[in-house]
Amino acid sequence: MQVEAGLNLELLDNQGWDSRIEGVQVGTLVRSHLIYTQNFTVIYDTLLGPLSGDFLAQRVQQRAPEKPVLVVVSHSDWDHYWGNQCFSCPILGLDLAAQRILGEFGAGELAQKSLEDPSYAQVRLVAPNVRLQGEFSLHGGDLTLQLLHTPGHRPDHLALYIPEIATLLPGDAVETPFALLDEGQPATQLAAMQTTLQRLLELDIHWLLCNHAPPQAGKALVESNLAYYRGLIEAARTSDSLDLMLQCFPYTGPADQDFYRKDHERICAAAWEAR
């Protein structure tokens, strides 16, 4: 089906991860995940607005109509929570995420996206109504969903780890070709990103289900994301100028993705300033 901005939405084919998790993909932009535990269903991110959010709401009712639903917001970027308005259930997220959604950050994103495409004018910003001050665990009977505070990409970021099936849903903390660094607080979030990735690498990971990378077995992508940031810091430390840093630590991602090339340059500049 088509959702906001004319993007196609589809359920992902299960490639071998636990069948209690479903992946939902919107074009090549972003993914959401539905987790069906014994006691309740969790929606980890609600996508782009009322069309994609309604698809998620209908899907969980179709598969598990008897179970209560919880929404977990990974962080306050628009493509992860604008479907919240489709849910009257508890919506969990960090208190900082709620502040950002209801403040200038959320309003600015909505104004910008509404100018880009009129379908976003239907969006109503809905912040978490269960506002966490730190980490939290949801006990679903058969599965434990550990909500881990994982700053770096955003200071309000929550990843989701399920130890019983060694499955990590890292949100935007792990990405292809590298996790993006928060542009609002790059100096402080640079150190936080390294800590986050090191922490995630220490988890037992059989499946990695990212929001901006294909589903994959193992933790190789976590390792490469951490190696990127470690290499970045070393290049900043040993280079005499930003230009020299960019020469010794060049962009190596997909050649046709200018977005990541430009962000690589931005992250390098942040590391150079923070050295």
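Per my numbering, the very first residue in the sequence shown carries number 8; after that it's consecutive.
Ideal placement from N, C-alpha and C gives every residue a C-beta, glycine not left out.
Asked: Buried versus exposed, by CB contacts within 10 Å (16 or more), Gln196; Found: buried
Asked: Which listed residue (Gln205, Cys275 and Leu103) has its alpha carbon closest to that of Leu188; Found: Cys275
Asked: Contact set for Leu139: own chain, Cβ-Cβ below 6 angstroms, skip 5 residues either direction; Found: Leu101
Asked: Simplified DSSP assignment, three categories, for Gln192; Found: coil
Asked: In chain order, each beta strand (DSSP E) run of at least 3 residues that lies wholly inside the stretch 84-152; Found: 98-101, 137-139 and 143-146
Asked: Own chain partners of Phe185 with C-beta closer than 6 angstroms, once the 5 adjacent residues on each side are dropped; Found: Asn232 and Tyr235
Asked: Counterpart residues of Ile212 in DSSP-defined beta bridges; Found: BP columns for Ile212 are empty, so no partner.
Asked: Minimum Cβ-Cβ distance from Pro75 to chain D less than 8 angstroms; Found: No chain D is part of this structure, which consists of one protein chain only.
Asked: Candidates Gln201, Gly34, Ser26 and Ser121, of which the one nearest Leu41 by Cα; Found: Ser26
Asked: Pro57 classed as buried or exposed, judged by whether at least 16 other C-beta atoms fall within 10 angstroms; Found: buried
Asked: Nearest-angstrom Cα separation, counted from Val76 out to Asp52; Found: 13 angstroms
Asked: Beta-carbon proximity check, Gly90 vs Leu109, cutoff 8 angstroms; Found: no
Asked: Test item: CB-CB of Pro261 and Thr203 under 8 angstroms; Found: no
Asked: Cβ-Cβ separation, Thr44 to Gly147 (assumed contact under 8 angstroms), whole Å; Found: 3 angstroms
Asked: Cβ neighbours of Phe256 in the same chain (closer than 7 angstroms, five flanking residues each side left out); Found: Gly238, Leu239, Ala242 and Cys275
Asked: Supposed contact pair Val80 and Leu152 - C-beta distance, whole angstroms, cut 8 angstroms; Found: Incorrect: roughly 14 angstroms between the Cβ atoms, too far for contact.
Asked: Unbroken alpha helix (DSSP H) run spanning His271, endpoints; Found: Asp265 to Ala281
Asked: Check whether Pro222 and Gly30 have beta carbons under 8 angstroms apart; Found: yes
Asked: Reduced DSSP category for Thr182 - H, G, I as helix; E, B as strand; rest coil; Found: The residue asked about is misnamed: residue 182 is Glu in this sequence, not Thr. Glu182 falls in the coil class under three-state DSSP.
Asked: Span of the alpha helix (DSSP H) around Thr245; Found: Ala227 to Thr245
Asked: Proximity below 8 angstroms, CB of Pro97 to CB of Val137; Found: yes
Asked: Gln254 versus Asp179: straight-line alpha-carbon distance, rounded; Found: 27 angstroms
Asked: Neighbourhood of Asn15 by C-beta distance below 8 angstroms, restricted to the same chain and skipping five residues each side; Found: Met8, Gln9, Val33 and Gly34
Asked: Pick from Ile169, Ala227 and Leu228 that is closest to Trp24, judged by C-alpha positions; Found: Ile169
Asked: Proximity below 8 angstroms, CB of Leu175 to CB of Leu150; Found: no
Asked: Nearest-angstrom Cα separation, counted from Gln92 out to Val133; Found: 6 angstroms
Asked: Residue range of the alpha helix (DSSP H) that includes Gly23; Found: No alpha helix (DSSP H) contains Gly23, which DSSP labels as neither H nor E.
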